[in-house]
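Step one of this worksheet: look at the structure below.
Numbering (my numbering), first residue to last: 7 to 520.
In structure tokens:
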């Protein structure tokens, strides 16, 4: 997923930008120099460069005279950045503020579209009372869209806030709006709520198959036992700081009409289970009783009870069941209630599967802290639970993408360092010169990455794959600067300059080239 996210940028930067710059540097740039630069040409320094050299020269002389002090300072900054990196936390992608808010409501599976609509109107009226909300609209269910099917008992409510200048004094951030929405939703009984942003919700659904940031997937065989364990997991997640909108997937609650045949009673009357079931099937589902012909067309004549009587348990119980009769005996019957019991029960609502195993998902949104730290704490808490034999958990959501990206970075970064050394070897023509230049690269990378770490820490932004891509680009700049500087120092040494003069001259040349 991280490859699909950042591949367009890599393609633009590496293939289009660099290739175009290479072509222009040997075609367009020389032609423009020939046209623009004419007459007597002399190399002079502009005023900002002269001012910078005046301020920087004394510091450079001190660094050359006492290198150990500055190397130790650079190492200290690097180790401080390593310690600060442990305080950042981590997440897959930084959460951007979309301004708008999505409130997803789940109700009992037995709720009809009319009941769901009535409850949704109550939610809209409650949210409209917030002075910082400009518009509220919603949709119930979505059965005709294959990418996002929703039953009638589910609703998506979109909340459009007003501009910040029109917010009341007690509302200073989006977190305050979310808190006030939750307060408005608490008195409305019968709704299970998840609050997110519209685009973020859709991407979570497309990427990980769940709407929330983190999903605990519980696998097993016994669905009732799995539902009980899922509720236990949800209770554990509720107690972890940063957990929001914790909900376990509802696997039961669908209204079911249950017909249970009394086998012993049927045997006393000489009836088989099939004969009783056929009577129930004919009453509820109908049975073909003949054909009706209209010219060349024919239609089946099906006999069954009217809808009103099919919903009446007493009427169903009075349906006659014909008993087997011997030759010469009068046909007899008994009421269906003598051999069958009817009841309305709560049956299964859904059975989710993944990789051939039954699955129950516990979802949670992370608020006010980093994703990686939350999952690490949650894994320790859930790891202490004793799950029944045959059950196991896996972690999904955006955390799954974070794990995948982390493993790829652990593989790609060492390969990149090896590629850098190979390029230095081809550029400088030997192992020792390449090793000397490469020895300067880690320190340049360390100081460059240290600045990035401190910038994230000051802004309060967790480390993410986006930041990692920025660090990679920053590392490329640091490597380029180090290579230019080392090449300039080597050029001055070849021209006969002393070691100190070569270092100072190489520093100025590298600064000018950079």
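Every residue, glycine too, gets a C-beta built ideally from N, C-alpha and C.
Everything numeric in this text was worked out from a predicted model, so none of it was measured.
8 Å Cβ shell around residue i - same chain, five flanking residues per side excluded
| i | result |
| --- | --- |
| residue 24 | none |
| residue 205 | 104 |
| residue 340 | 275, 326, 327, 329 |
| residue 130 | 142, 143, 144, 163 |
6 Å Cβ shell around residue i - same chain, five flanking residues per side excluded
| i | result |
| --- | --- |
| residue 191 | 199 |
| residue 253 | 198, 369 |
| residue 307 | 295, 296, 298 |
| residue 407 | 7, 98 |
Three-state class that DSSP yields for residue i in the structure shown
| i | result |
| --- | --- |
| residue 173 | coil |
| residue 491 | helix |
| residue 472 | helix |
| residue 219 | coil |
| residue 329 | coil |
| residue 18 | helix |
| residue 315 | helix |
| residue 530 | With the chain covering 7 to 520 only, the question about residue 530 has no answer from this structure. |
| residue 266 | strand |
| residue 38 | helix |
| residue 43 | coil |
| residue 64 | helix |
| residue 496 | helix |
| residue 187 | helix |
| residue 277 | coil |
Cβ-Cβ distance between residue i and residue j below 9 Å
| i | j | result |
| --- | --- | --- |
| residue 471 | residue 104 | no |
| residue 100 | residue 138 | no |
| residue 90 | residue 423 | no |
| residue 220 | residue 371 | yes |
| residue 194 | residue 165 | no |
| residue 338 | residue 268 | no |
| residue 111 | residue 258 | no |
| residue 49 | residue 59 | no |
| residue 218 | residue 159 | no |
Spatial distance of residue i from residue j (CA atoms)
| i | j | result |
| --- | --- | --- |
| residue 241 | residue 285 | 47 Å |
| residue 504 | residue 61 | 23 Å |
| residue 456 | residue 474 | 13 Å |
| residue 26 | residue 37 | 16 Å |
| residue 377 | residue 202 | 15 Å |
| residue 298 | residue 282 | 28 Å |
| residue 412 | residue 47 | 53 Å |
| residue 326 | residue 345 | 11 Å |
| residue 180 | residue 318 | 52 Å |
| residue 262 | residue 420 | 59 Å |
| residue 239 | residue 365 | 14 Å |
| residue 373 | residue 156 | 26 Å |
| residue 78 | residue 485 | 20 Å |
| residue 30 | residue 22 | 12 Å |
Exposure of residue i, with buried meaning 16 or more beta-carbon neighbours within 10 Å
| i | result |
| --- | --- |
| residue 330 | exposed |
| residue 244 | exposed |
| residue 124 | exposed |
| residue 223 | buried |
| residue 437 | exposed |
| residue 97 | buried |
| residue 64 | exposed |
| residue 489 | buried |
| residue 350 | exposed |
| residue 404 | buried |
| residue 162 | buried |
| residue 255 | buried |
| residue 43 | exposed |
Nonlocal neighbours in the same chain, by C-beta distance under 7 Å from residue i, ignoring five residues either side
| i | result |
| --- | --- |
| residue 379 | 95 |
| residue 397 | 224, 225, 226, 232, 235 |
| residue 315 | 321 |
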